[in-house]
Amino acid sequence: MNRIFFKKVVPKEYLIRFFIIIFFFVSIVFILLYGTNTRGEFFKEGDISPKDIYAPHHIIVQTEIDQTATNRLIEERLKEQPTYFIKSEKTGELVLENINSLFDNARSLQSSQEPLPEKITKLKQSIGVPITETTLRSLLEYDNIEDLKARTAQVLNEILNSLIVKEEDKKLLKTQNKDAVIVYDESKKTEQTFSLENLLSQNDIKDFVKGLKTFNTLFDPRIKQPIIEIIAANIQPTIYFDALLNKEKQEILLKKIPPIYKQLDIKKYELIIEKGRRFAKEHILILKQLFRSETPYVYLRKVLGMVMVVFMLIFSFLFYLKVFEKEFFSQQKFLILVLSVTILLVLTGKLISFSGLSVFITPIPFGAMLISLLMGHRIALASGFLISILSGFSSGGSLNIVLIYLIGTLIAVIFMVRVRRRAIVLRAGFLVGLFQAVSIFAFLLLEGQALRDIFVSATFCLLSGFLSGAITLALLPIFEYTFGLTTDISLLELSDLNHPLIIVGNLAEAACDAIEAKSLLARVGSYYHDIGKLRMSRYFSENQPQDKDEHEKLTPTISKIIITNHVKEGIELAKKYKLNEDIIRFIREHHGTSLIHYFYQKALEETEDVESLKKESFRYPGPKPQTKEAAIVLLADAVEATSRTLTEPVPTKLKELVHEVINNKFIDGQLDECNLTLKDLNKIAENFLRILLGIFHARVEYPTLEKENQRVSIESETDKSTA
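Using this note's numbering, the first residue of the sequence shown is number 819, and each one after it goes up by one.
Here's what the structure looks like:
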């Protein structure tokens, strides 16, 4: 129920138009806001600042990397990083195996009958470490070596649980002022940090063993020193320094160390760069970081401001269309055309500003040139102003840019009035570029910029004009085909005939010129309006001999069908050969819903049941002319056909004929749906008469001339001739 009510209250075309405008509005706002928080990217090193730029708020700006400070930080972090050692899994087994072998050899030699010196010599040769003969003697003289071996292994297990390093590694750690080391256990894949105080070198083992409570408990004083020497001689590091592991850890640390940048303390309202100065690398960095640092509140204000500006511009433009250009505002295709061109050019301006090229090369006048050809110079001027202002925002927003775009648009509209040759479009592009170049030259002279920079900007403006003309010619056929529009250029191509001009075309063109309608469109439309007669041409009076009438053998109803069918067949033929919709309109509307008087009158004479014969069944299907041009062709066609029935085409008769034909069409309601005024009809009649007088070389009607005995019925002769 609500849906039905909504459809009745809000017509479908209004909804479509509303969504078109919303889509356009959102697209424009998005394009304009895109990248505005990084405005420093709009400039590049070497560009000239168009104005004084101040910092909107306080900011600490990072410029270039401070290599000295960064290297100092790296050195400090590397010093702080602990050295990595890897835990040895085989050290304990190897040490126990060597000491057990020593005790086993000593026990074997004890049972030998050899002298003690020889036993000491053999025992010394069996070991691979330096041990004094005194220690070996004490071992060989000990009563229970097996018990001594077990007690030594117990003490050794306690020692091997300590962190033992090479003597040179411990010295290196002390020189590096390291406080700790990290021990990596490969089997468990774990890391554990230890203080340097927990590390033992091989030279520390003797003192360490002496301090062990277990050692002092298990051994009697006479054997302690030999056991200490045996352990110290056989002990191996339990952890060892790995250069590859430490290098990997350093590389990981270096990746995590951020570079230190030199900093600039920019105060609020501090001048960043003066107008006319070249942007240095430092300026670009400041601008980028400055605009990236905008708070959400600041950016939200910018978004709101842009939305309001775009809304007011679009609203003003649409209000202008509503008041002064109702025809364009009411048709969606015209609205889509203007808005799509606007989006295209605003987006182009944004892309060019991002690319680093001069924004003066943007072909903004192209919009006015294209719309002028397709829709007329008034709508081109209004839309051109909208495009210029919005594109100025997208290209940087400076006053110079907007003014150049506006000047280019104005000149483009001026030189695109009544364009009928492609060369004129290129000439207009050149003149637009020339005016833009002179304008920017003057603006930059006033600002005191260098001549070299002025000439560069002027050159880009000149190129913009050339590009606008070339792009207009390139895209014109695409826009014509897409939106079903016809320009004077296309009409002239369609009207390139190799025979004298058709009378209807002359009449229509003269009348259109008089009331400022599209004369070329009317002339070309008149060339094609009767192409439907080609299929059954012998049934139309202009193709019949004077002594032969094909309709004599047909009933009025059949004749009516043949005659009216030429409209339908003309439309089919036009679509087959892809004629433009503007031309097809003339074929469809050039008879409106006119009555075919001749055959209707003939049917009345032949039928007995007059009441059953409906007048509407002898009318053309229509519709009535919807435009001034179509209505003028309808009148011109009728006037031309009727003029051929006059036996003596003198001025008074021609004038009477023209006024009567126009009056009959007016009374019949054929002009109800076009916007012709009575003033327009008077001008049309005057120009019809002027053309007919020239065609017939009419002379004044002297009193001695024999008047016609019988006046031909203009209405009947008209529709018989036009049929």
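The C-beta atom is built at its ideal place from N, Cα and C for all residues, glycine as well. What you are looking at is a predicted structure, and each value in this text was computed from that prediction instead of being measured.
On the three-state DSSP scale, how would you describe Ile-866?
Reduced to three states, the DSSP call for Ile-866 is strand.
Just reading off the alpha helix (DSSP H) that Ile-1509 is part of, what are its end residues?
It spans 1496-1514 - the alpha helix (DSSP H) in which Ile-1509 sits, taken as one unbroken run.
Tell me the DSSP secondary structure of Leu-1413 in three-state form.
Here Leu-1413 sits in strand by DSSP.
Exposed or buried, what is Ala-1268 when buried is set at 16 or more other beta-carbons lying within 10 Å of its beta-carbon?
Exposed: under 16 other Cβ atoms inside 10 Å.
Measure the alpha-carbon distance for Leu-1228 versus Leu-1285 and round it to whole angstroms.
Cα to Cα, Leu-1228 sits roughly 17 Å from Leu-1285.
Taking 8 Å as the limit between beta carbons, can you name the residues of its chain near Ala-1288, skipping five residues before and five after?
Only Leu-1244, Gly-1247 meet the Cβ criterion.
I need the straight-line Cα distance from Asn-1482 to Phe-1514, nearest angstrom please.
Cα-Cα distance, rounded: 23 Å.
I need the DSSP call for Ile-1405, collapsed to helix, strand or coil.
Looking at Ile-1405 - three-state DSSP - the assignment turns out to be helix.
Relative to the C-alpha of Phe-1436, which residue among Asn-1383, Asp-1025, Glu-1387 is closest?
The shortest C-alpha separation from Phe-1436 is found at Asn-1383.
Going straight from the alpha carbon of Ser-1176 to that of Ile-1258, what length do you get?
Using only the alpha carbons, I get a separation of about 13 Å.
Mark Met-1187 as exposed unless 16 or more other C-beta atoms lie within 10 angstroms of its C-beta, in which case mark it buried.
With 16 or more other Cβ atoms within 10 Å, it is buried.
Would you call the segment 1146-1160 and the segment 1204-1211 touching, i.e. three or more CB-CB distances under 8 Å?
Contact holds: three or more Cβ-Cβ distances are below 8 Å.
How many angstroms separate the CA atom of Glu-1066 from the CA atom of Ile-1000?
Going by the C-alpha atoms only, they are around 14 Å apart.
How big is the Cα-Cα spacing for Ile-849 and Leu-1169?
About 10 Å.
Using the beta-carbon count (16 or more within 10 Å), is Thr-950 buried or exposed?
With fewer than 16 other Cβ atoms within 10 Å, it is exposed.
Under three-state DSSP, which class holds Glu-859?
Here the model assigns Glu-859 a pLDDT of 48, short of 50, so the residue's position is not dependable, and the following value carries that caveat. Helix at Glu-859.
Hey, out of Phe-1253, Phe-1233, Phe-861, whose CA is closest to Ser-1597's CA?
The shown model of the chain, from 819 to 1541, leaves out residue 1597, and the question about it has no answer.
Buried or exposed: where does Asn-923 fall if 16 or more other Cβ atoms within 10 Å of its Cβ makes it buried?
It counts as buried.
Below 8 Å, can you find three or more Cβ-Cβ pairs linking the segment 1037-1052 to the segment 931-944?
They do not touch, by the three-pair rule.
Whole angstroms are fine: how far does the CA of Phe-1273 sit from the CA of Tyr-872?
When rounded, the distance between both Cα atoms is 28 Å.
If you run the structure through DSSP and keep just helix, strand and coil, what is Val-1479?
Helix, per DSSP.
For the segment 871-888 against the segment 1075-1095, are there 3 or more C-beta pairs whose distance is under 8 Å?
Contact between the segment 871-888 and the segment 1075-1095 is present, because at least three Cβ pairs lie under 8 Å.
Between which two residues does the beta strand (DSSP E) holding Asp-1455 run?
No beta strand (DSSP E) holds Asp-1455; the alpha helix (DSSP H) holding it covers 1446-1461.
How would you label Lys-1471, buried or exposed, when you count the other beta carbons within 10 angstroms and need 16 or more for buried?
So Lys-1471 counts as buried.
Mind the definition here: the segment 897-913 touches the segment 1135-1151 only if three or more C-beta pairs lie below 8 Å; say whether that holds.
No: the two stretches stay apart, fewer than three of their Cβ pairs being nearer than 8 Å.
With distances taken Cα to Cα, identify the nearest neighbour of Thr-1460 among Phe-1142, Thr-1166, Leu-1510, Ile-1401.
Closest option to Thr-1460, Cα to Cα, is Leu-1510.
Rounded to whole angstroms, what is the Cα-Cα separation between Thr-1166 and Arg-1196?
Answer to the nearest angstrom: the Cα atoms are 24 Å apart.
Please state the DSSP three-state secondary structure of Arg-925.
If DSSP states are grouped into helix, strand and coil, Arg-925 belongs with the helices.
Rounding to the nearest angstrom, what Cα-Cα distance links Gln-1419 and Leu-1431 in this structure?
Whole-angstrom Cα-Cα distance: 11 Å.
For the segment 1388-1401 against the segment 1287-1306, are there 3 or more C-beta pairs whose distance is under 8 Å?
Output reads yes: the segment 1287-1306 touches the segment 1388-1401.
On the criterion of 16 or more Cβ atoms from any shown chain inside 10 Å, does Phe-837 qualify as buried, or is it exposed?
Exposed, because fewer than 16 other Cβ atoms sit within 10 Å of the Cβ of Phe-837.
When you compare the CB positions of Ile-1090 and Leu-1108, do they come within less than 9 Å of one another, or not?
Result yes, Cβ atoms of Ile-1090 and Leu-1108 sit closer than 9 Å.
I'd like the ranges of any alpha helix (DSSP H) spanning at least 4 consecutive residues and lying wholly in the segment 1078-1134.
You should have 1099-1110.
Under a Cβ-count criterion, where at least 16 other Cβ atoms within 10 Å of its own Cβ denotes burial, should Ser-929 be classed as buried or exposed?
The residue is exposed, with fewer than 16 neighbouring Cβ atoms inside 10 Å.
What is the C-beta distance between Ser-1013 and Lys-988, in whole angstroms, given that I count them as a contact (C-beta under 8 Å)?
About 13 Å separates the two Cβ atoms, so there is no contact after all.
Which of the three DSSP states is assigned to Lys-908 in this structure?
Lys-908 falls in the coil class under three-state DSSP.
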